[in-house]
Amino acid sequence: MANPIAVLNDLEDVSVPAPNDEDILYYDAVASLWKAQAPPPAGYDEGTRAYHDIDFAIPNSAWN
46 MANPIAVLND LEDVSVPAPN DEDILYYDAV ASLWKAQAPP PAGYDEGTRA YHDIDFAIPN
106 SAWN
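Residue numbers are given in the working numbering: position 20 of the sequence shown equals residue 65, and the series is strictly consecutive.
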């Protein structure tokens, strides 16, 4: 493998230079990047729904 991926920042669309423990990834559509942020407070939010699966590919990987 020519370019192994060792950390999240090795991926081209991820920017997490100094994440804190327990941070989560979110997608910043304006920047077209995945970024880290603190998770929302615990609890049920009826307005939050997941409608799509997340697909990703690692170039030149046997896992695709």
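Even glycine gets a Cβ: it sits at the ideal position worked out from N, Cα and C.
Using DSSP bridges, identify the partner residues of A81. According to DSSP, A81 bridges with L70.
Nearest to L56 by CA position, among D73, L78, D68, is which residue? Here the closest residue by C-alpha is L78.
Assuming A83 and D68 are in contact, meaning their beta carbons sit under 8 Å apart, how far apart are those beta carbons, in whole angstroms? Indeed they touch by this definition, with Cβ atoms about 6 Å apart.
Nearest CA to the CA of A76: which residue from V59, P104, P49? Closest option to A76, Cα to Cα, is V59.
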